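Remarks on the structure that follows.
Residue numbers (our numbering), protein chains in the order written: chain A, 68 to 345; chain B, 157 to 470.
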């Protein structure tokens with residue numbers, strides 16, 4: 068399982084300040100902590116970085132790989148920064164990954180050729196400019212477009228990690244099952260099966276803090292059972308990593324709660340923040 | 157060869173809620189099939205249309221309502237009696253708009269006084285609605301609930317921020333409660349769970365999933381109602397089995413289609429008719445989706461809808 072640690076992120080204050088000040092310590096500490104906790108790839112989210120994207124990405128890739136012997140997932144909309152990161156990346160521990168292209172034509176035309184040029188990996192997010200995908204079929208149709216573009220520009224489809232686009236459960240309950248089904252469908256699009264990845268924490272967005280753990284754990288387990296090969300996660304969440312290790316949410320959460328949560332994911336019980344209380 | 161009609165069997169049943177007392181008490185809910193699917197099961201009690209009565213008039217009351225209600229609407233007691241005696245309403249919904257802090261800001265005590273006068277005048281069930289401002293509705297509905305003790309009214313709307321106060325007032329005075337959620341069935345369920353956890357009996361709740369007027373999000377309300385009803389009947393979700401309450405009067409009479417003059421918009425036709433048709437069309441859609449209680453402002457629209465219900469109930 069590809070476990071991509073999400074904690075080096077411009078959104079958190081400490082990491083953002085370290086990026087601005089080019090202070091290696093907080094970033095390297097966060098890199099080590101995540102790898103020690105089980106991450107085997109690290110997401111490097113520098114935001115749009117409009118002023119100094121290439122220079123920042125070059126610095127941060129080298130800074131992280133000084134202490135973490137894992138490949139990196141370069142997360143920015145700034146294509147020049149992506150190029151700089153790919154140049155700086157040490158491939159001794161695996162190929163770098165671009166996070167991400169979507170199914171939008173403009174994004175495909177700009178990001179996919181760069182992935183082909185460097186023969187790196189790339190996340191293919193199943194989203195277009197015309198609104199959220201309605202179901203697994205629409206996700207698969209976008210996936211096919213992404214794969215088509217890869218073949219056109221000379222990137223092996225084995226380098227693509229298809230992302231079905233996880234939406235938050237609260238308000239999009241039927242989409243949880245559609246995501247799981249999309250992960251199943253994606254695999255059938257190629258032989259060997261396509262790789263898949265999800266941004267896992269989205270599922271529990273807007274849920275109360277005490278509910279995030281079980282929602283994330285159960286959804287993860289259901290995706291893994293459907294064939295998921297990668298996830299962007301918080302490796303510092305100890306309970307979640309224990310679920311990853313055991314591949315069993317009941318190693319942490321009571322079996323009846325897990326069973327109820329599975330039913331919520333499948334749409335058999337309507338979600339409400341307190342669904343476990345009744 | 158005879159055609160066999162495919163029938164769905166539902167595991168759940170809509171809760172029956174009774175409001176009012178004595179011979180004029182009204183029951184709603186009770187269905188074990190989708191709305192008007194009498195071929196599949198029990199469609200339950202007849203939907204209830206409650207006639208809106210305001211305790212204070214807006215500055216510019218709608219023209220087509222003036223023609224229907226202008227003779228009585230200066231006085232909520234006269235208005236309520238007109239609904240009961242002349243229009244044969246089965247219930248009245250008294251809206252305490254005078255308490256709006258952005259308007260007259262009348263006190264809870266004065267609102268309670270109005271509630272008492274109206275209840276002394278009428279026998280039919282009363283629905284008591286606040287001004288729909290969370291902070292003010294708590295004390296206003298508490299005072300109103302006290303004043304209406306023993307009359308088994310329906311009070312609301314209880315929202316996430318004030319449900320504890322209003323639920324406690326309903327319980328201690330023997331009333332039923334309207335639980336409001338803003339076009340969000342997950343939240344509708346959550347509020348009912350919270351009410352249950354606060355020891356409020358789910359059998360005394362009606363769900364207000366948020367009404368929308370035709371052309372102003374009606375289809376969203378429709379889907380939310382359908383989803384709630386499906387959870388209650390198909391998934392047998394106990395928290396989603398209370399009857400549904402739709403406050404049409406509060407949304408239909410705000411939109412430009414029922415207010416703009418004929419000089420302004422001649423192609424839309426007679427202003428006196430427009431609002432009536434708009435409210436009636438909205439109402440029938442809500443009933444088809446699964447609503448059990450409607451609050452309506454136009455007596456003519458209400459009577460049109462009653463005729464549709466006659467036909468739909470067979």
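Here a beta-carbon is modelled for each residue, glycine too, at the ideal position from N, C-alpha and C.
Bear in mind the structure is a predicted one, so any value in this text is a computation, not a measurement.
Minimum Cβ-Cβ distance from residue i to chain B less than 9 Å
i: residue 237 of chain A; result: yes
i: residue 278 of chain A; result: no
i: residue 339 of chain A; result: yes
i: residue 345 of chain A; result: yes
i: residue 336 of chain A; result: yes
i: residue 240 of chain A; result: yes
i: residue 342 of chain A; result: yes
For residue j and residue i, believed in contact at Cβ under 8 Å, the rounded distance
i: residue 329 of chain B; j: residue 305 of chain B; result: 4 Å
i: residue 193 of chain A; j: residue 166 of chain A; result: No, residue 193 of chain A and residue 166 of chain A are not in contact; Cβ-Cβ is about 14 Å, not under 8 Å.
i: residue 170 of chain B; j: residue 158 of chain B; result: Going by Cβ atoms, the distance from residue 170 of chain B to residue 158 of chain B rounds to 31 Å, so no, they are not a contact pair.
i: residue 137 of chain A; j: residue 106 of chain A; result: 7 Å
i: residue 225 of chain B; j: residue 251 of chain B; result: About 13 Å; that fails the 8 Å criterion.
i: residue 325 of chain B; j: residue 298 of chain B; result: 4 Å
i: residue 194 of chain B; j: residue 446 of chain B; result: With 8 Å as the limit, residue 194 of chain B and residue 446 of chain B do not qualify as a contact, their Cβ atoms being about 14 Å apart.
i: residue 384 of chain B; j: residue 363 of chain B; result: 6 Å
i: residue 430 of chain B; j: residue 407 of chain B; result: No, residue 430 of chain B and residue 407 of chain B are not in contact; Cβ-Cβ is about 15 Å, not under 8 Å.
i: residue 313 of chain B; j: residue 336 of chain B; result: 4 Å
i: residue 113 of chain A; j: residue 79 of chain A; result: That belief does not hold up - the Cβ atoms of residue 113 of chain A and residue 79 of chain A are roughly 12 Å apart, past 8 Å.
i: residue 77 of chain A; j: residue 86 of chain A; result: 6 Å
Environment of residue i [buried if 16+ CB atoms lie within 10 Å]
i: residue 131 of chain B; result: There is simply no residue 131 of chain B to check, as chain B begins at 157 and stops at 470 in what is shown.
i: residue 218 of chain A; result: exposed
i: residue 120 of chain A; result: buried
i: residue 457 of chain B; result: buried
i: residue 422 of chain B; result: exposed
i: residue 90 of chain A; result: exposed
i: residue 332 of chain B; result: buried
i: residue 229 of chain A; result: buried
i: residue 293 of chain B; result: buried
i: residue 218 of chain B; result: buried
i: residue 168 of chain B; result: buried
i: residue 199 of chain A; result: exposed
Span separating the alpha-carbon of residue i from that of residue j
i: residue 425 of chain B; j: residue 366 of chain B; result: 29 Å
i: residue 341 of chain A; j: residue 208 of chain B; result: 35 Å
i: residue 267 of chain A; j: residue 299 of chain A; result: 6 Å
i: residue 73 of chain A; j: residue 189 of chain A; result: 16 Å
i: residue 266 of chain B; j: residue 255 of chain B; result: 9 Å
i: residue 400 of chain B; j: residue 132 of chain A; result: 59 Å
i: residue 109 of chain A; j: residue 135 of chain A; result: 9 Å
i: residue 403 of chain B; j: residue 387 of chain B; result: 22 Å
i: residue 352 of chain B; j: residue 103 of chain A; result: 45 Å
i: residue 261 of chain B; j: residue 235 of chain A; result: 40 Å
i: residue 227 of chain B; j: residue 455 of chain B; result: 13 Å
i: residue 210 of chain A; j: residue 191 of chain A; result: 7 Å
i: residue 302 of chain A; j: residue 278 of chain A; result: 18 Å
i: residue 170 of chain A; j: residue 244 of chain A; result: 21 Å
i: residue 81 of chain A; j: residue 281 of chain A; result: 27 Å
i: residue 125 of chain A; j: residue 249 of chain A; result: 35 Å
i: residue 397 of chain B; j: residue 360 of chain B; result: 11 Å
i: residue 158 of chain A; j: residue 223 of chain A; result: 17 Å
i: residue 263 of chain A; j: residue 146 of chain A; result: 23 Å
i: residue 231 of chain A; j: residue 97 of chain A; result: 28 Å
Any chain A beta carbon closer than 9 Å to residue i
i: residue 352 of chain B; result: yes
i: residue 322 of chain B; result: no
i: residue 308 of chain B; result: no
i: residue 383 of chain B; result: yes
i: residue 342 of chain B; result: yes
i: residue 283 of chain B; result: no
i: residue 387 of chain B; result: yes
i: residue 335 of chain B; result: no
i: residue 393 of chain B; result: yes
i: residue 346 of chain B; result: yes
i: residue 363 of chain B; result: no
i: residue 349 of chain B; result: yes
i: residue 396 of chain B; result: yes
* Decide if the segment 428-440 of chain B is in contact with the segment 163-171 of chain B; the criterion is three or more beta carbon pairs, one per stretch, under 8 Å apart. => no
* At least three beta-carbon pairs within less than 8 Å, the segment 198-206 of chain B to the segment 216-233 of chain B -> no
* Asked: Would the segment 288-298 of chain A and the segment 306-317 of chain A be scored as touching if the rule is three or more Cβ pairs under 8 Å?
  -> yes
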